[in-house]
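Asks: Shown below is the structure under consideration.
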Amino acid sequence: MPSSSETPIPRVAVIGGGPAGLMAAEALAAGGAEVDLYDAMPSVGRKFLMAGKGGMNLTHSEPAEAFLSRYGERRVQIEPLLRHFDAAALRAWTHELGVETFIGSSGRVFPADMKAAPMLRAWLHRLRGAGVRFHMRHKWIGWDEATPHALRFATPEGDRQIEANAVVLALGGASWPRLGSDAAWIEHLETHDVALAPFKPSNCGFDIAWSEHFSSRFAGEPLKSVSIGLPRQDGGVDWRTGECLLTSTGIEGSLVYALSARIRDRLADGHATFLLDLLPALTPERVHDEVTHPRGARSMSSHLQSRLNLTGAKAGLLRECLSREDFSDTTRLAQRIKALPLTVTQPRPIAEAISSAGGVRFESMNSQLMLAALPGVFCAGEMLDWEAPTGGYLLTACFASGRVAGEAALAYVNRKPDDAPL
1 MPSSSETPIP
11 RVAVIGGGPA
21 GLMAAEALAA
31 GGAEVDLYDA
41 MPSVGRKFLM
51 AGKGGMNLTH
61 SEPAEAFLSR
71 YGERRVQIEP
81 LLRHFDAAAL
91 RAWTHELGVE
101 TFIGSSGRVF
111 PADMKAAPML
121 RAWLHRLRGA
131 GVRFHMRHKW
141 IGWDEATPHA
151 LRFATPEGDR
161 QIEANAVVLA
171 LGGASWPRLG
181 SDAAWIEHLE
191 THDVALAPFK
201 PSNCGFDIAW
211 SEHFSSRFAG
221 EPLKSVSIGL
231 PRQDGGVDWR
241 TGECLLTSTG
251 IEGSLVYALS
261 ARIRDRLADG
271 HATFLLDLLP
281 ALTPERVHDE
291 VTHPRGARSM
301 SSHLQSRLNL
311 TGAKAGLLRE
321 CLSREDFSDT
331 TRLAQRIKAL
341 PLTVTQPRPI
351 AEAISSAGGV
361 RFESMNSQLM
371 LAALPGVFCA
381 GEMLDWEAPT
391 GGYLLTACFA
401 SGRVAGEAAL
411 AYVNRKPDDA
421 PL
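First residue of the sequence shown? That's 1 in the UniProt record's numbering, and the numbers climb one at a time after it.
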């Protein structure tokens, strides 16, 4: 039993068991704090495991400047976090867990076995060995009004109240609520005048008013080797090549996700139109020559299949989006093959999105991610107001913000009475 002269070990609560919360817990435990991690779900890392089902994309190997550019308007706020714990540091940390990584042909970084579960198991084993205590099925329901430092949780055994010297909130955004990111924490922070940005879907699909005929025939069909072009105000077009997927309600997939923030923001006017190049490997001149080549008695559809190998969903899109007159006019048809306008009406619901934009505004926090309105309360992960495309950028920033918040919370509880505030 410690003597009265010994300094008590600080106790820190981490709420949220995703990558940001787990990383914060690791940083705190490494610094000697008592760490209790709470999560509303029966187990931690559920969204992390879901993200790993298609191959666990941890981070990206591209140069720092290109990497940082992926965070758009929030680059200024995210950059210090990534300077502290960047993609290289994340790979080294993963190797310390005993999980080797490799760089794919696209520059993305994956675990050697492409799986998330072995990595999570190794991580939890290390955290438990470091003394982190896990409390599952503990849903945070705010602070106790009579005891401002007391945290309240709803559990299967009834409400529970605990006190901590500091708190790291890593509660996730608003996408995939069934995995725990339900944004129910918003009201608890709004009560304390924490400034929040409204949540919006990010890395999401979009609705397009397909005809019933097209939807029933081509829903689920991939569009491979296509380019999406976003018109600029100066009259130019920004093009990006990749793959996407037709759905019964519209369009989704990696190419759409990469541009989803820009498409979504254009929907502020009620609709947004982008261009689809069905044959990006061919020049406009080549397409024009092939389309206008004499076709004899063949139908236009057979002609396009023969000369340009335009079949299936790509051919169906032309029929869906062009008038009979445009389809018969070879010059206009060639132009549309290279730039087919598609008008989206709305993003898919945020519950379906891979991630979300919005959340705790960085202006509500100091540079160590501590809330100005709630000293000793730190925030990390997707509950912060930022967004990034898929490709490892989301996870890297979640890990980095968790590391920064955990280390800052440790410094906060270890500060001396005459220390300046963080």
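Virtual Cβ for every residue (Gly too), placed ideally from N, Cα, C.
What you are looking at is a predicted structure, and each value in this text was computed from that prediction instead of being measured.
#1: Quick check on the DSSP output: the alpha helix (DSSP H) that includes residue 77 runs from which residue to which?
#2: Below 8 angstroms, can you find three or more Cβ-Cβ pairs linking the segment 44-63 to the segment 392-399?
#3: Pop quiz: residue 397 and residue 409 are said to be a contact at Cβ under 8 angstroms. What is the actual Cβ separation, rounded to whole angstroms?
#4: Is the segment 46-53 touching the segment 167-182, taking contact as three or more C-beta pairs under 8 angstroms?
#5: I think residue 204 touches residue 354, with their Cβ atoms under 8 angstroms apart; what is that distance to the nearest whole Å?
#6: For residue 135, report the span of its alpha helix (DSSP H) as first-last.
#7: Please identify the residue among 15, 287 and 386 whose C-alpha is closest to the C-alpha of residue 406.
#8: Residue 208: which of 263, 302 and 129 sits nearest, CA to CA?
#9: Which partner residues does residue 226 have in the DSSP bridge list?
#10: Can you check which of these residues, 411, 374, 414 and 415, is closest to residue 169 by C-alpha distance?
#11: Is it true that the segment 10-25 meets the segment 154-168, where meeting means three or more beta-carbon pairs spaced less than 8 angstroms apart?
#12: So residue 277 and residue 338 are supposed to be a Cβ contact under 8 angstroms. How far apart are they, rounded?
#13: Is it true that the segment 300-313 meets the segment 213-223, where meeting means three or more beta-carbon pairs spaced less than 8 angstroms apart?
#14: Note down the Cα distance separating residue 344 from residue 300, rounded to an integer number of angstroms.
#15: If I'm right that residue 56 touches residue 154 with Cβ under 8 angstroms, what's the distance once you round it to whole angstroms?
#16: Where in the segment 260-333 do unbroken runs of the alpha helix (DSSP H), each at least 4 residues long, occur, reported from the N-terminal end onward?
#17: As an exercise, report each continuous beta strand (DSSP E) stretch of at least 3 residues that is fully enclosed by the segment 94-166, in chain order.
#18: Identify, in the order they occur along the chain, each residue of the same chain with its Cβ nearer than 6 angstroms to the Cβ of residue 174, setting aside the five sequence neighbours on each side.
#19: Out of 286, 71 and 110, which one is the CA nearest neighbour of residue 102?
#20: Distance, Cα to Cα, residue 40 vs residue 134?
#21: By DSSP, does residue 56 sit in helix, in strand, or in coil?
#22: Spatial neighbours of residue 197 within its chain, please: CB distance less than 7 angstroms, with the 5 preceding and 5 following residues excluded, ordered by chain position.
#23: Starting from residue 65, follow its DSSP beta bridges and name the residues at the other end.
#24: Quick one: Cα of residue 273 to Cα of residue 341, how far?
#25: Check each candidate in 210, 30, 126 and 88 and name the one with the smallest Cα separation from residue 98.
#26: Where does residue 19 land, buried or exposed, given buried means 16+ other C-beta within 10 angstroms?
#27: Give me the Cα-Cα distance between residue 404 and residue 371, rounded to the nearest whole angstrom.
#28: Taking 8 angstroms as the cut-off, decide whether the C-beta atoms of residue 122 and residue 30 are in contact.
#29: Quick check on DSSP: helix, strand or coil for residue 343?
#30: Would you call the CB atoms of residue 118 and residue 137 closer than 8 angstroms?
#31: Which residues does DSSP list as the beta-bridge partners of residue 355?
#32: DSSP three-state label for residue 23, please.
#33: Taking the alpha helix (DSSP H) that residue 44 belongs to, which residues open and close that run?
#34: On the CB-based measure, 16 or more other CB atoms within 10 Å of its CB, does residue 78 come out buried or exposed?
#35: Taking DSSP as the reference, what is the three-state secondary structure of residue 189?
Replies: Let's see:
#1: Walking along the sequence shown from the start, residue 77 turns up at place 77. Looking at the DSSP string, the run of the alpha helix (DSSP H) that includes residue 77 is 75-84.
#2: With the rule of 3 Cβ pairs closer than 8 angstroms, the segment 44-63 counts as touching the segment 392-399.
#3: Position 397 of the sequence shown, counted from the start, is the residue given in the question as residue 397. Position 409 of the sequence shown, counted from the start, is the residue given in the question as residue 409. About 18 angstroms separates the CB atoms of residue 397 and residue 409; that is not less than 8 angstroms, and the two are not in contact.
#4: Counting Cβ pairs under 8 angstroms, three or more are found: they touch.
#5: Mapped onto the sequence shown, residue 204 falls at position 204. Mapped onto the sequence shown, residue 354 falls at position 354. 7 angstroms between Cβ atoms; contact.
#6: Translated into the one-based positions of the sequence shown, residue 135 becomes position 135. Unbroken run through residue 135 is the beta strand (DSSP E), 133-135; no alpha helix (DSSP H).
#7: Residue 406 sits at position 406 when you count from the first residue of the sequence shown. Cα-wise, what sits closest to residue 406 is 15.
#8: For the purposes of this step, residue 208 is identified with residue 208 of the sequence shown, where counting begins at 1. Of all alpha-carbon atoms in 263, 302 and 129, the one lying nearest the alpha-carbon of residue 208 is that of 263.
#9: Here residue 226 is taken as the residue at index 226 of the sequence shown, counted from 1. Residue 226 is bridged to 242.
#10: Indexing the sequence shown from 1 puts residue 169 at position 169. Put simply, of 411, 374, 414 and 415 the residue whose alpha carbon is nearest the alpha carbon of residue 169 is 374.
#11: Output reads yes: the segment 154-168 touches the segment 10-25.
#12: Here residue 277 is taken as the residue at index 277 of the sequence shown, counted from 1. Here residue 338 is taken as the residue at index 338 of the sequence shown, counted from 1. About 5 angstroms separates the two Cβ atoms, so the contact holds.
#13: Contact between the segment 300-313 and the segment 213-223 is present: three or more C-beta pairs spanning the two stretches fall below 8 angstroms.
#14: Within the sequence shown, the letter at position 344 stands for residue 344. Within the sequence shown, the letter at position 300 stands for residue 300. Each residue's alpha carbon lies about 27 angstroms from the other.
#15: For this step, residue 56 is matched to residue 56 along the sequence shown. For this step, residue 154 is matched to residue 154 along the sequence shown. Contact annotation, residue 56 with residue 154: C-beta distance approximately 32 angstroms; criterion of less than 8 angstroms not satisfied.
#16: Within the segment 260-333, the complete alpha helix (DSSP H) runs of at least 4 residues are 260-266, 284-292, 300-308, 312-321 and 324-328.
#17: Within the segment 94-166, the complete beta strand (DSSP E) segments at least 3 residues long are 101-103, 108-111, 133-135, 139-143, 150-155 and 158-163, listed from N- to C-terminus.
#18: For the purposes of this step, residue 174 is taken as the residue at position 174 of the sequence shown. A distance below 6 angstroms between beta-carbons, with the five flanking residues on each side excluded, links residue 174 to the following residues of its chain, in chain order: 183, 199, 350 and 356.
#19: Here the question's residue 102 lines up with position 102 in the sequence shown. Ranked by Cα distance from residue 102, the options 286, 71 and 110 are led by 110.
#20: By one-based count along the sequence shown, residue 40 stands at place 40. By one-based count along the sequence shown, residue 134 stands at place 134. In a straight line, the C-alpha of residue 40 is about 11 angstroms away from that of residue 134.
#21: Walking along the sequence shown from the start, residue 56 turns up at place 56. Three-state result, residue 56: coil.
#22: Looking up residue 197 in the sequence shown gives position 197. Closer than 7 angstroms at Cβ, skipping near neighbours: 358, 359, 361 and 385.
#23: Position 65 of the sequence shown holds residue 65. In the DSSP output, where bridge partners are listed per residue, residue 65 has none listed.
#24: Taking the first residue of the sequence shown as 1, we reach residue 273 at position 273. Taking the first residue of the sequence shown as 1, we reach residue 341 at position 341. Straight-line spacing of the CA atoms in residue 273 and residue 341 works out to 6 angstroms.
#25: If you number the sequence shown from 1, residue 98 lands on position 98. Cα-wise, what sits closest to residue 98 is 126.
#26: For the purposes of this step, residue 19 is taken as residue 19 along the sequence shown, with counting starting at 1. Of the other Cβ atoms in all chains shown, 16 or more fall within 10 Å of the Cβ of residue 19; this residue is therefore buried.
#27: Numbered from 1 along the sequence shown, position 404 holds the residue referred to as residue 404. Numbered from 1 along the sequence shown, position 371 holds the residue referred to as residue 371. The straight-line gap from Cα to Cα measures roughly 14 angstroms.
#28: Here the question's residue 122 lines up with position 122 in the sequence shown. Here the question's residue 30 lines up with position 30 in the sequence shown. No, these two residues do not count as a Cβ contact at 8 angstroms.
#29: Counted from its first residue, the sequence shown places residue 343 at position 343. Of the three classes helix, strand and coil, the one that applies to residue 343 here is strand, per DSSP.
#30: As a working mapping, residue 118 is identified with position 118 in the sequence shown. As a working mapping, residue 137 is identified with position 137 in the sequence shown. One thing to note: residue 118 has its Cβ no nearer than 8 angstroms to the Cβ of residue 137.
#31: Mapped onto the sequence shown, residue 355 falls at position 355. Partner(s): 202.
#32: Within the sequence shown, numbered from 1, the residue matching residue 23 stands at position 23. Here residue 23 sits in helix by DSSP.
#33: The sequence position of residue 44 within the sequence shown is 44, counting from 1. Element bounds for residue 44: n/a, residue is neither H nor E.
#34: Locating residue 78 in the sequence shown gives position 78, where the first residue counts as 1. Residue 78 is buried by the Cβ-count criterion.
#35: Along the sequence shown, read from residue 1 onward, the residue named residue 189 stands at position 189. In the three-state reduction of the DSSP assignment, residue 189 falls in the helix class.
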